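First residue of the sequence shown: 1, per this note's numbering; consecutive thereafter.
Ideal Cβ placement from N, Cα and C applies to all residues, glycine included.
Values in this document were obtained by computation on a predicted structure and should not be read as measured data.
First comes the structure, then the notes that go with it.
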Amino acid sequence: MKDYLTVQSNGFITYCDALIARLAGDTAQSFLFSLIGSPAHVQAASAHFISGGLCRVADAGNAVFELCRSNGAVHAIRAKKIGDIVNKIMISAEHFPGRTDSSSEAAMSAVVFGPDLAIVKERAFLRLDNGTTMPLKPAWRDWLWDEILHPEKLFSFGNSQLQEAWLISWEEENFEEQVLEGIRQQHLT
């Protein structure tokens, strides 16, 4: 298996070493996208992508899909030059903790990822606990995952830390009521 995906964008070829996206048929919406290539190609491809252009992505088995950016702001969080190669990572600002105003609706969702589902659930719990004023117990992690967080499995490609990627979201207006009902029903102790 290759350690990268081939990316064609606006006539330029670059490579992707990390990707988290929502797949729907032969199209995908990116939440995290890491490009590698020559400085000119990465700059052109990332500018095209950030401005709303599509990228054609192919894996080693020649499976192909069209990749678009997510809704909302896209931030380049790193551009690093290694010899003659540049690496640029772009994220959906609304879906990664610490990148949005906590009062916005977007703060009620996040992308969480890790090497396995247990670690993803732990990170999801920590994100939820940090995003609400109601005290939560770590023992409630699985119930919160199943009943509150509306987890959606995402496509992920990259190193071992990207084996599992999930989009979580919760409704702030009903959150406290749902947790209190879980306590009353003795699902939470």
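query	result
With 7 angstroms set as the bound, which would you pick, yes or no: does the beta-carbon of Glu181 sit closer than that to a beta-carbon of chain C?	Given the protein chain composition of this structure (a single chain), no chain C is represented.
If we ignore side chains and look at the alpha-carbon of each, how far apart do Tyr15 and Pro39 end up?	12 angstroms
In its own chain, which residues sit with a C-beta less than 6 angstroms from the C-beta of Leu180, not counting the 5 before and 5 after it?	none
Could you check whether Ala45 and Lys2 sit closer than 7 angstroms to each other, using their CB atoms as the reference points?	no
In whole angstroms, give me the CA-to-CA distance for Phe175 and Gly131.	11 angstroms
Please name the residue or residues paired with Phe96 in a DSSP beta bridge.	Partner(s): none; Phe96 has no beta bridge.
For a quick check, are the C-beta atoms of Ser70 and Gln8 less than 7 angstroms apart?	no
If we count the other Cβ atoms within 10 Å of its Cβ and call it buried at 16 or more, is Leu167 buried or exposed?	buried
Please go through the region 30-58 and give each complete alpha helix (DSSP H) segment of 4 or more residues, from N-terminal end onward.	39-50
Check Glu105 in the structure and name its three-state DSSP category.	The predicted position of Glu105 is uncertain, since its pLDDT is 48 and thus under 50; no value can be drawn from it.
Using C-beta distances below 6 angstroms, list every residue in its chain close to Arg99, excluding the 5 sequence neighbours before and after it, in chain order.	With a pLDDT of only 46 at Arg99, under the threshold of 50, the placement of this residue in the model should not be trusted, and no figure is reported.
Alpha carbon to alpha carbon, what distance is there between Cys55 and Ser34?	12 angstroms
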